[in-house]
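Residue numbers (the numbering used here), protein chains in the order written: chain A, 2 to 540; chain B, 8 to 85.
A virtual CB, placed ideally from N, CA and C, is assigned to each residue, including glycine.
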């Protein structure tokens, strides 16, 4: 029975042992190799004292080894926690402490960051993939790679066991851990493998980093279908012309990314000179794909079908929309579609009462794909769910509150209309503006701070900020920027911080963020390449 | 200021905001994730504006952009 995520690898290894499972930079593992190495790592972790439900960090660049780590950790009964290898040290250290990570899978390269270990302290005791670090039990990769086993450790696990935790921006100033179980991960992976007709012939790109939920499709839907996951090498993932050549060379059949990456491929990828006819599906998620740009990408890749996947990290993916041909002149955004199998949606007003069809309300989601909850945050777990009493009050149905405003349109699809709160998407990354402001306010000379989105000219947005000085201090924009880049991931760092004498105010005395936004956004809408110059000039 | 120093200043100050003061000119900016996709765009924009050159899309590849030294060499050739 397929009730655990890594079981998908075992099943694939029995049916297609010699098929490619994961490929990265010219090297690959077959399903038989992936299964036996993941079993070996799981045995090692158990030997090191890992218990059911323990959290294990993965702190390294994406590679064959990190794919082994994901499955090996889950086979050992642990939950893997992907830590952004490029995030500021203090942020990664927070996550290690927050969910009590004792085992960290890493590489010596990353352990140059001794500062991380000093800051993480907490319960961290085992370093897998590291050599000779005083105070820690270490095991070198050569030994880990040599450890293979025919079977995973014999332990009791159910579909409700923890599988992975993804950290995302939190409005109180620190990131929050979204806990998924084997059930919620598999609910999505099995649905995706069926819906996109994945098979062992498919070659699925992995563009997203492991801490970004898009990666669960790339690895788990692929494993369910015994398809190959082809990891985009870090060195070329930001270079559109290299990336389009890579898609051609690797004969990628299913591409999945945020719209921004596709926009980059279109603008600078030289698609007209490539043979990308191997692409049969182009999937995108993370933010709204402006119709005028999407139409151009579709025209440039005529062999592929396009599908929009929607869902906060808390629900994996919960609705989807296969994009039909887009008539010229259509400007309206495409819908987010209909609920996936095993998902129920509800649109409610401010009193949690269902709205009439066609009215706008908050989207609530229930079903197999929904997370177990936030790690160690009873406050968020209370607020984040709506419990509806059913059957004469005897039972309750639990819905996750997405915070997204939607309405049902006449063709039965859901239309996304914006957020209830101050969360934004920048280049597909989810950022709580409150977290950015908390980072700005932690600079000693800053009195008040406001962060706000400005259009980037490519259908997404960038973050700008303004601050005022405390009496007797004179903070400068660059100094504040230096400070916040030590706290926030690079995509959440404002492109500009302005120091103002005073803020514009609303009639109730609050900071008028809309006015700041209008002022900053004036004249910034333009062609993408001009926009680049504007940024460089302002920088 | 020579080109390499200017590029170094731009990357350190405007892209990294002082996060990595010990950046070397042969350090791999891409494999190590030192600059992100927005950073690449900003770097191309800066180069085009500062040196009055057009960087064709097919030149924005690893060979030319992986380090400050590689980028300075590329600009020297073009």
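- Query: So with Cβ pairs under 9 Å, would you call residue 75 of chain B a contact of chain A?
  - Reply: So no, residue 75 of chain B is outside the interface.
- Runs of beta strand (DSSP E) wholly within the stretch 21 to 109 of chain A (minimum 3 residues, chain order): Taking only runs of at least 3 residues, the beta strand (DSSP E) segments lying wholly in the stretch 21 to 109 of chain A are 21 to 25, 28 to 31, 56 to 60, 80 to 83, 104 to 107.
- Ordered list of alpha helix (DSSP H) runs contained in the stretch 404 to 458 of chain A, each at least 4 residues: Counting whole runs of 4 or more residues, the stretch 404 to 458 of chain A contains the alpha helix (DSSP H) stretches 434 to 442.
- Close-in-space but distant-in-sequence residues of the same chain around residue 378 of chain A (CB under 7 Å, 5 per side omitted): The beta carbon of residue 378 of chain A sits closer than 7 Å to those of 177, all from its chain and outside the five residues before and after it, given in chain order.
- Query: With respect to the beta strand (DSSP E) encompassing residue 493 of chain A, which residues constitute its N-terminal and C-terminal limits?
  - Reply: Boundaries cannot be given for residue 493 of chain A, as no beta strand (DSSP E) includes it and DSSP labels it neither H nor E.
- In chain order, what residues of the same chain have a beta carbon less than 7 Å from the beta carbon of residue 389 of chain A, not counting five sequence neighbours either side? Once the five neighbours on either side are set aside, the close Cβ partners of residue 389 of chain A are 397, 398, 400.
- Nearest to residue 136 of chain A by CA position, among A:12, A:128, A:256, is which residue? When each option's Cα is compared against that of residue 136 of chain A, the closest is A:128.
- Task: Report yes or no: do the stretch 509 to 522 of chain A and the stretch 440 to 447 of chain A share at least 3 C-beta pairs separated by less than 8 Å?
- Result: No: fewer than three Cβ pairs fall under 8 Å.
- Message: Buried or exposed, going by whether 16 or more other CB atoms sit within 10 Å of the CB of residue 169 of chain A?
- Response: Burial is judged here by how many other beta carbons sit within 10 angstroms of a residue's own beta carbon; residue 169 of chain A has at least 16 and is buried.
- Query: If you draw a straight line from the C-alpha of residue 12 of chain B to the C-alpha of residue 163 of chain A, how long is it?
  - Reply: Cα to Cα, the separation comes out at about 50 Å.
- Query: Can you give the Cα-Cα distance for residue 221 of chain A and residue 517 of chain A, rounded to whole angstroms?
  - Reply: The alpha-carbon atoms of residue 221 of chain A and residue 517 of chain A are separated by roughly 43 Å.
- Message: In the DSSP assignment, the beta strand (DSSP E) including residue 387 of chain A goes from what residue to what residue?
- Response: Membership of residue 387 of chain A in the beta strand (DSSP E) is indicated by the continuous run 386 to 391.
- Cutoff 7 Å; reference residue 270 of chain A; Cβ partners in own chain excluding five residues on either side: Within the same chain, residue 270 of chain A has close Cβ partners 241, 242, 244, 245.
- Message: Across the stretch 475 to 484 of chain A and the stretch 17 to 30 of chain B, are there enough close Cβ pairs to call them in contact, namely three or more that are closer than 8 Å?
- Response: Result yes; three or more Cβ-Cβ pairs closer than 8 Å.
- Query: Should residue 336 of chain A and residue 394 of chain A be called a contact, given that it needs their Cβ atoms to be closer than 9 Å?
  - Reply: No. Outside cutoff.
- Message: Please report whether the beta-carbon of residue 68 of chain A lies at a distance below 9 Å from any beta-carbon of chain B.
- Response: Not flagged as an interface residue toward chain B: residue 68 of chain A, since no C-beta distance is shorter than 9 Å.
- Message: Tell me the rounded alpha-carbon separation between residue 7 of chain A and residue 253 of chain A.
- Response: Whole-angstrom Cα-Cα distance: 23 Å.
- Query: Span of the alpha helix (DSSP H) holding residue 45 of chain B?
  - Reply: Looking at the DSSP string, the run of the alpha helix (DSSP H) that includes residue 45 of chain B is 44 to 58.
- Query: Tell me, which residues are paired with residue 398 of chain A by DSSP?
  - Reply: Per DSSP, the beta-bridge partners of residue 398 of chain A are A:389.
- Message: Can you check which of these residues, A:40, A:375, A:429, is closest to residue 289 of chain A by C-alpha distance?
- Response: Residue A:429 is the option with its Cα nearest to residue 289 of chain A.
- Query: In terms of residue numbering, what span does the beta strand (DSSP E) encompassing residue 12 of chain A cover?
  - Reply: Element bounds for residue 12 of chain A: not the beta strand (DSSP E) but the alpha helix (DSSP H), 8 to 16.
- Task: Quick one: which unbroken beta strand (DSSP E) runs of 3-plus residues sit fully inside the stretch 168 to 204 of chain A? Chain order, please.
- Result: Runs found: 177 to 182.
- Within 9 Å (strictly less), CB to CB, does residue 60 of chain B reach chain A? So, not an interface residue.
- Would the stretch 445 to 463 of chain A and the stretch 318 to 332 of chain A be scored as touching if the rule is three or more Cβ pairs under 8 Å? Result no; under three Cβ-Cβ pairs closer than 8 Å.
- Query: In its own chain, which residues sit with a C-beta less than 6 Å from the C-beta of residue 1 of chain A, not counting the 5 before and 5 after it?
  - Reply: Nothing about residue 1 of chain A can be read from this structure; chain A reaches only from 2 to 540.
- Query: Would a C-beta distance cut-off of 9 Å place residue 21 of chain A and residue 229 of chain A closer than the cut-off?
  - Reply: The answer is yes: Cβ separation under 9 Å.
- Message: For the alpha helix (DSSP H) containing residue 292 of chain A, name the first residue and the last one.
- Response: In the DSSP assignment, residue 292 of chain A falls within the unbroken alpha helix (DSSP H) covering 292 to 301.
- Message: Taking 7 Å as the limit between beta carbons, can you name the residues of its chain near residue 301 of chain A, skipping five residues before and five after?
- Response: Short of 7 Å from the beta carbon of residue 301 of chain A, and not among the five residues preceding or following it, lie these beta carbons of its own chain, in chain order: 267, 272.
- Task: Put residue 479 of chain A into one of helix, strand or coil per three-state DSSP.
- Result: In the structure shown, residue 479 of chain A sits in a helix (DSSP, three-state: H, G or I).
- Query: Of all the options A:275, A:279, A:298, A:260, which has the alpha carbon lying nearest to the alpha carbon of residue 286 of chain A?
  - Reply: Closest option to residue 286 of chain A, Cα to Cα, is A:260.
- Message: residue 40 of chain B and residue 86 of chain A - do their beta-carbons sit closer together than 9 Å?
- Response: The answer is yes: Cβ separation under 9 Å.
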